[in-house]
Each structure stands twice: as C-alpha cells, then as structure tokens.
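Step one of this worksheet: look at the structure below.
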Amino acid sequence: MYERVVRRARGLPPIAVDAGLVVVALVAQLAPFVSGGRDWPIAAYFICVAVSLPVIWRRRAPFAVLMVSELAAAAYTFVPDGPRQPLWYGALIAMFTVAAQAPRWQRVSAVVIIAWGAFILTGSFETAARGALLWTTAYAMGRAWANRQEYVRTLQERARHLERERELEAERERSRIARNMHDILAHAVSIMIAQAEAGPVAMKHGPARTEAAFEAIATAGRDAMAQLRRILGVLDAGGESARTPQPTLAGIPGLVDTVSRVGSTSVTLIVSGRPGTVTPDAEVAAYRIVQEALTNVLKHAGAKTVTVTLDWRDGDLVITVADDGRGPQTDGRGQGLIGMRERAASCGGSATVGPVPGGKGFQVQARLPGAAAEVAR
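Residues in the sequence shown are numbered from 456 upward in steps of one, following our numbering.
Below is the structure:
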C-alpha cells in the first residue's frame with residue numbers, strides 16, 4: 456500500500472505535491488479551532504495560514520520558507536486567546552526540506568536558530584523536550600531522504616555506466632566478428648580466384664595439376680566454412696561450434712603451406728629466437744595478421760616470393776610478412792590493413808605496414824607481447 460502511494464505521488468507534478476502538503480498542514484493546523492467550540496481571534500487564523508502557506512515554495516527556497524514559518528509560529532505566542540497549538544506542521548515540513556535539500560551552511564544555521572528560538576520561547580522543560588524530539592526527527596528524516604536520493608542517483612549512474620559498457624562491448628564484438636569474417640572470406644576467395652585463373656594452365660600440364668587446383672579450391676572453401684561456423688558460434692553459446700578452438704600459432708605453418716601451393720608465389724616460413732608464449736588473444740591475432748597479409752599478397756602484390764618470419768625477441772613475438780611485389784594500392788588505409796593494426800592493439804601490441812626497408816616490395820610487421828609481459832601489465 457505504501458509503495459503504491461509513493462509511486463503515484465512521484466508521478467504528480469511537484470507543485471501539486473506541495474499544494475497538497477499545504478492543504479494537509481493547514482487542515483491539521485486549524486483542527487483545534489473546530490474542536491474548541493468558540494469564537495477565536497482572527498489573528499490566530501492568519502498565523503496558522505502564514506505558517507502553512509509558505510510550504511508551497513519549499514523546493515525553491517527551503518531555508519527562507521523555514522524562517523518565515525518559524526517567525527509566524529513564534530508570533531502565535533502574542534495571541535493570548537488562541538487555541539493551543541501542539542505542533543506547527545508547516546514549519547516541520549520546512550525543516551524536513553532544509554535537511555533534505557539545503558546546503559550545509561543553511562542546515563547548520565537552521566539548527567542553531569531553531570534551538571535558540573526554542574530556548575527563548577519555550578515555557579517548560581516538558582515542552583522543550585517534546586519540541587527537541589520533533590525537530591530532531593524532522594531533520595533526521597530529511598537527511599535520511601537526502602542520503603536515499605543520493606544512493607538512488609549513484610545506482611542510476613552505475614546502471615548507465617554498465618549499460619554503456621555493454622554497448623561498447625557489443626560494438627567491439629561486432630567489430631571483431633566483422634574483421635574475422637573479412638579475413639576468412641578474403642583469404643579463401645583469393646585462393647579460389649588464384650587457382651581458378653591458373654586452371655587453364657594446369658589443364659595443359661595434365662590431369663594431376665588440374666585435380667590439384669580443384670582440390671586447393673575445395674580445401675579453401677571447406678576451411679572458410681569451418682572458420683565461419685566457429686566465429687558465428689559465439690552467437691549460439693550453447694552450440695558445439697562455440698566450443699571449437701580458435702586459430703593459434705600452430706596453424707600458421709599450414710596457412711603458409713596452403714598459400715605456397717597457390718599459383719606461382721613461393722612462401723617461406725622462418726622461426727627464430729627462443730619460442731615463448733603469448734596470450735590466446737595474441738595467438739588469434741598472430742594467425743589473422745599472417746592470414747590477411749598473405750591474402751593481400753595474393754590479391755595485390757604480384758609477388759614471386761614471400762617470407763613469413765616469426766621472431767621471438769625478449770619474450771615478445773615479432774611477425775614480419777615481406778614480399779617482393781608492388782604492394783597494396785590503398786596507401787595503408789585499406790580495411791584489411793586497418794584490421795591488422797586493430798588486432799595487434801587489442802592484445803597490447805602494435806603493427807606497421809609499408810615498403811620493405813632498402814629493397815623492393817611491401818611488408819607487414821607486428822609485435823605482440825608475450826604472456827609474461829601481459830600479466831606484468
């Protein structure tokens with residue numbers, strides 16, 4: 456019942472709520488006039504109105520409303536023939552609002568002024584004790600309300616932050632899936648095109664070469680389908696494809712071997728340094744960077760030789776894919792090249808692309824931190 460009333464009250468305009476409080480406070484304040492059964496001085500009625508009416512402005516100027524209500528209540532002591540008023544409801548509402556909304560200096564000033572006024576005007580210890588309890592309760596309720604509102608605002612801000620984090624995470628996941636699909640499809644289609652274009656030449660060299668070309672096309676297609684199922688498996692967490700392992704460093708030799716059998720491009724893999732370990736994300740990034748670099752060689756470079764180097768330096772893995780072709784025609788800002796940089800950066804590494812230093816051709820170089828360096832960060 457209480458929660459339902461509170462929800463309905465929150466849906467009302469603030470001015471309507473405050474007007475309702477004025478009416479309630481005024482009715483309660485005038486109750487002694489009805490029960491007394493006699494004619495009361497007109498000044499007593501005016502004072503009751505003066506104590507209750509300012510409540511309608513309590514949100515705009517809570518401290519001023521409290522002072523006006525208290526001054527009006529104090530003036531009631533000069534009306535000797537008025538009915539006894541045990542509570543000044545408007546002033547108590549104003550004290551609640553000061554405690555809930557006013558700045559610290561106004562709250563302290565209100566407490567000091569109210570305490571001083573009670574000491575001057577109170578006629579007995581019993582009255583003083585009852586007044587102290589009432590004012591303290593109103594103030595404590597106001598502070599409790601303010602703390603609750605602050606807590607609610609904190610929760611709302613945290614909820615907005617978490618929602619934004621979820622949106623960013625979803626955006627990163629979409630970007631990751633898009634990069635993976637681009638890399639897989641571009642690589643597979645490039646191999647298929649290269650083999651299809653070499654088909655007429657293979658037919659002249661006999662059935663064996665022709666069968667090898669068609670087998671390479673089929674292998675590329677099957678591999679692309681398997682990898683696409685693996686990537687899209689994240690959209691079905693309960694499916695078996697979601698548990699299929701991602702590409703790793705161990706898959707790079709097979710990738711190099713596949714490309715070396717396509718067309719007339721010779722691909723060589725060199726592993727140097729003392730092999731270490733990288734994080735699972737870095738292993739996926741390494742495989743995709745090599746895959747995208749080799750795809751670009753097939754599509755754009757027109758190269759005769761390509762060298763893929765996996766160099767372990769101080770625990771980090773430095774990947775270099777260099778060819779002797781003409782390089783891409785996108786001045787380093789193509790989707791694939793940007794994707795390689797993003798992959799390296801996502802696991803704490805970096806990637807650069809450009810001409811081969813001191814020679815003909817183009818190279819991609821990426822440095823991925825080792826697992827120990829990643830943990831140290």
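Using N, Cα and C, we set each Cβ at its ideal position, and we do this for glycine too.
What you are looking at is a predicted structure, and each value in this text was computed from that prediction instead of being measured.
In chain order, which continuous runs of the beta strand (DSSP E) of length 3 or greater are located wholly inside the segment 724 to 783?
Within the segment 724 to 783, the complete beta strand (DSSP E) runs of at least 3 residues are 760 to 768, 771 to 778.
Where residue 472 and residue 571 are concerned, what is the direct C-alpha to C-alpha distance, given to the nearest angstrom?
Here residue 472 refers to the residue found at position 17 when the sequence shown is read from its first residue. Here residue 571 refers to the residue found at position 116 when the sequence shown is read from its first residue. Residue 472 and residue 571: Cα-Cα distance of roughly 31 angstroms.
Under 8 angstroms Cβ to Cβ from residue 795, same chain only, skipping five residues before and after it: list those, please.
On the sequence shown, position 340 is the one that residue 795 refers to. Excluding residues within five positions, the ones whose Cβ falls inside 8 angstroms are 743, 744, 747, 748, 806, 808, 819, 821.
Looking at the strands, I want to know which residues DSSP matches up with residue 821.
Residue 821 sits at position 366 when you count from the first residue of the sequence shown. Its beta-bridge partners are 774, 806.
Does the Cβ-Cβ distance between residue 586 and residue 555 come in under 8 angstroms?
Counting from one through the sequence shown, the residue named residue 586 turns up at place 131. Counting from one through the sequence shown, the residue named residue 555 turns up at place 100. Residue 586 places its beta carbon 8 angstroms or farther from that of residue 555.
Would you mind reading off the limits of the alpha helix (DSSP H) that contains residue 511?
Within the sequence shown, residue 511 is the residue found at index 56, counting from 1. Taken as a continuous stretch (DSSP letters only), residue 511 belongs to no alpha helix (DSSP H), as it is neither H nor E.
What do you reckon, are the CB atoms on residue 750 and residue 671 nearer than 8 angstroms?
Within the sequence shown, numbered from 1, the residue matching residue 750 stands at position 295. Within the sequence shown, numbered from 1, the residue matching residue 671 stands at position 216. Cβ atoms of residue 750 and residue 671: not closer than 8 angstroms.
Quick check on the burial criterion: 16 or more other C-beta atoms within 10 angstroms. Buried or exposed for residue 607?
The count along the sequence shown starts at 1 and reaches residue 607 at position 152. A residue is called buried when at least 16 other Cβ atoms come within 10 angstroms of its Cβ; residue 607 does not meet this threshold and is exposed.
For residue 801, which beta-bridge partners are listed by DSSP?
Taking the first residue of the sequence shown as position 1, residue 801 is located at position 346. Beta bridge pairing from DSSP links residue 801 with no other residue.
For the alpha helix (DSSP H) containing residue 537, name the first residue and the last one.
As a working mapping, residue 537 is identified with position 82 in the sequence shown. Run containing residue 537: none; DSSP gives neither H nor E here.
So, is residue 602 buried or exposed, given that buried needs 16 or more other C-beta atoms within 10 angstroms?
In the sequence shown, the residue the question calls residue 602 occupies position 147. Residue burial is scored here from C-beta neighbours: residue 602 has fewer than 16 other C-beta atoms within 10 angstroms and is therefore classed as exposed.
Please list the segments of the alpha helix (DSSP H) lying wholly inside the segment 547 to 617, counting only runs of 4 or more residues, in order along the chain.
Listed in chain order, they are 559 to 576.
Starting from residue 709, follow the alpha helix (DSSP H) in both directions and report where the run begins and ends.
Translated into positions along the sequence shown, residue 709 becomes position 254. From DSSP, the alpha helix (DSSP H) with residue 709 extends over 707 to 715.
Tell me whether residue 811 sits in a helix, a strand or coil according to DSSP, three-state version.
Taking the first residue of the sequence shown as 1, we reach residue 811 at position 356. The DSSP-derived three-state label of residue 811 is coil.
Can you tell me which residues form a DSSP beta bridge with residue 722?
Mapped onto the sequence shown, residue 722 falls at position 267. Residue 722 is bridged to 761.
For residue 513, verify whether its CB is less than 7 angstroms away from any heavy atom of the ligand PLP.
This structure lacks the ligand PLP; in fact it carries no ligand of any kind.
Within-8 angstroms CB hit, residue 634 to chain D:
Protein chains in the displayed structure number just one, and chain D is not present.
Report yes if the CB atom of residue 502 is closer than 8 angstroms to the CB atom of residue 527, and no otherwise.
Along the sequence shown, read from residue 1 onward, the residue named residue 502 stands at position 47. Along the sequence shown, read from residue 1 onward, the residue named residue 527 stands at position 72. Yes; because the gap between Cβ atoms is below 8 angstroms, this pair is in contact.
When the Cα of residue 469 is compared with those of 720, 704, 780, 514, which residue comes out closest?
Sequence index remark: in the sequence shown, residue 469 carries index 14 (1-based). Taking only the C-alpha atoms, the option nearest residue 469 is 514.
Rounded to the nearest angstrom, what separates residue 723 and residue 774 at their Cα positions?
Within the sequence shown, residue 723 is the residue found at index 268, counting from 1. Within the sequence shown, residue 774 is the residue found at index 319, counting from 1. Near 13 angstroms, if we compare the C-alpha coordinates of residue 774 and residue 723.
What does a CB cutoff of less than 6 angstroms around residue 698 pick up in its chain, not counting 5 residues either side in sequence?
Residue 698 sits at position 243 when you count from the first residue of the sequence shown. Reliability of the predicted coordinates at residue 698 is poor, the pLDDT of 46 falling under 50, and the value obtained from them is presented with this limitation in mind. Setting aside the 5 residues that flank it on each side, residue 698 has no residue in the same chain whose C-beta is closer than 6 angstroms to its C-beta.
Is there contact between the segment 758 to 767 and the segment 797 to 806, where contact requires at least three CB pairs shorter than 8 angstroms?
By the Cβ rule, the segment 758 to 767 does not count as touching the segment 797 to 806, because fewer than three pairs are nearer than 8 angstroms.
Go ahead and pull the three-state DSSP assignment for residue 678.
As a first step, residue 678 must be located in the sequence shown, where it is residue number 223. Note: residue 678 maps to helix in three-state DSSP.
Kindly give me the distance between the Cβ atoms of residue 482 and residue 517, rounded to whole angstroms, as I take these residues to be in contact under 8 angstroms.
For the purposes of this step, residue 482 is taken as residue 27 along the sequence shown, with counting starting at 1. For the purposes of this step, residue 517 is taken as residue 62 along the sequence shown, with counting starting at 1. About 22 angstroms separates the two Cβ atoms, so there is no contact after all.
Where does residue 701 fall in DSSP's three states?
Residue mapping note: residue 701 aligns to position 246 of the sequence shown, counting from 1. If DSSP states are grouped into helix, strand and coil, residue 701 belongs with coil.
Should residue 780 and residue 816 be called a contact, given that it needs their Cβ atoms to be closer than 8 angstroms?
As a working note, residue 780 is residue 325 in the sequence shown. As a working note, residue 816 is residue 361 in the sequence shown. In this structure, residue 816 lies closer than 8 angstroms to residue 780 by Cβ.
Please state whether DSSP places residue 487 in a helix, a strand or coil.
Here residue 487 refers to the residue found at position 32 when the sequence shown is read from its first residue. Judged by DSSP in its simplified three-state form, residue 487 adopts helix.
Return helix, strand or coil for residue 662, following the three-state DSSP convention.
Counting from one through the sequence shown, the residue named residue 662 turns up at place 207. Three-state DSSP puts residue 662 in a helix.
Is the separation between the beta-carbon of residue 739 and that of residue 765 shorter than 8 angstroms?
For this step, residue 739 is matched to residue 284 along the sequence shown. For this step, residue 765 is matched to residue 310 along the sequence shown. With respect to the 8 angstroms criterion, residue 739 and residue 765 are not classified as neighbours on the basis of their beta carbons.
Just to confirm before moving on: does the CB-CB distance between residue 812 and residue 767 stay below 8 angstroms?
Numbered from 1 along the sequence shown, position 357 holds the residue referred to as residue 812. Numbered from 1 along the sequence shown, position 312 holds the residue referred to as residue 767. Result no, Cβ atoms of residue 812 and residue 767 do not sit closer than 8 angstroms.
DSSP three-state call for residue 542: helix, strand or coil?
If you number the sequence shown from 1, residue 542 lands on position 87. Here residue 542 sits in coil by DSSP.
Is residue 711 near residue 720, with beta carbons less than 8 angstroms apart?
Here residue 711 corresponds to residue number 256 of the sequence shown, with the count starting at 1. Here residue 720 corresponds to residue number 265 of the sequence shown, with the count starting at 1. At least 8 angstroms separates the beta-carbon of residue 711 from that of residue 720.
Does the distance from the C-beta atom of residue 539 to that of residue 487 stay below 8 angstroms?
For the purposes of this step, residue 539 is identified with residue 84 of the sequence shown, where counting begins at 1. For the purposes of this step, residue 487 is identified with residue 32 of the sequence shown, where counting begins at 1. Yes, these two residues count as a Cβ contact at 8 angstroms.
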